[in-house]
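Everything on this sheet refers to the single structure shown next.
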Amino acid sequence: MWLVTLLLLYSLQKVNSEDVVSTRLYFVNASLQRVTFSSSVGVSLPCPAGGAPHAVLRWYLAAGDDIYDVPHIRHVHANGTLQLYPFSPSAYNSIIHDNEYFCTAENQAGKIRSPSIHVKAVFREPYTVRVADQRSMRGNVAVFKCLIPSAVQEYVSVVSWEKDTVSIV
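Under mature numbering (1 follows the signal peptide of the UniProt record, and there is no 0), residues -17 to -1, 1 to 152 are what the sequence shown spells out, in order.
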């Protein structure tokens, strides 16, 4: 009787230790911190976490709110990929298109949270960079300022100054 009990306990302990070894959660790519995408193209973000056995993947807004599908705007696929579809300027919503998201993976091993990923949509629009008009007396210093539209300031930098297509700086 004691022998049967010992064998039974040993087999249960062996099964449990195998479960512990094979149960895990991990990050696939935790370095992604910022995604900027064109509103005319959209973007797909795979959840940067996984697990064995299969982990349930969920996306949240930075505040911790569950995200929900918005038809033709935002969708979370069964494989844990967050997709933001192309959209028109009139469909822009800062809560969806300029916000921080994070993903969680959960299984028997527990739950892990990815770092926050800032997702930002930009519109592809023509823009013009121009020089602000300045007046100065001959022989004095004039300071010129490059005027870049605010919608693109984050993505445009001044690399040279030219006069009649000849570089002056």
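Virtual Cβ for every residue (Gly too), placed ideally from N, Cα, C.
Note that the coordinates shown come from a computational prediction; the quantities given were computed from them, not determined experimentally.
Do VAL102 and ASN82 have their C-beta atoms closer together than 8 Å? yes
Span separating the alpha-carbon of ASP147 from that of ARG121: 20 Å
Could you give the uninterrupted runs of the alpha helix (DSSP H) lying entirely in the region 6 to 81, keeping only those of 4 residues or more? 77 to 80
List the whole-angstrom C-beta distance separating PHE85 from SER77, where the pair is believed to meet the contact cut-off of C-beta under 8 Å. Not a contact, Cβ separation roughly 18 Å.
Give me, in chain order, the residues of the same chain whose beta-carbon lies closer than 6 Å to that of VAL59; leave out the 5 immediate sequence neighbours on both sides. TRP42 and LEU65
Beta carbon of SER22 nearer than 8 Å to that of PRO69: yes
With a Cβ-Cβ cutoff of 8 Å, do GLY34 and TYR51 count as a contact? no
Could you give the first and the last residue of the continuous beta strand (DSSP E) run that contains LYS94? 93 to 96
Proximity to VAL39 [Cα-Cα], best of ALA61, ALA46, ILE79 and TYR138: ALA61
Helix, strand or coil for THR87 per DSSP? strand
Using 10 angstroms around the beta-carbon of ARG107, count the other beta-carbons present and answer buried if the total reaches 16, otherwise exposed. exposed
Distance, Cα to Cα, LEU117 vs PRO109? First, the residue type needs correcting, since residue 117 is Gln and not Leu in the sequence shown. Rounded to the nearest angstrom, the two C-alpha atoms are 25 Å apart.
Note down the Cα distance separating GLN136 from GLN91, rounded to an integer number of angstroms. 47 Å
For LYS103, report the span of its beta strand (DSSP E) as first-last. 100 to 105
Mind checking whether ILE100 and LEU15 have CB atoms under 8 Å apart? yes
If you reduce the DSSP assignment to three classes, tell me which class VAL112 lands in. coil
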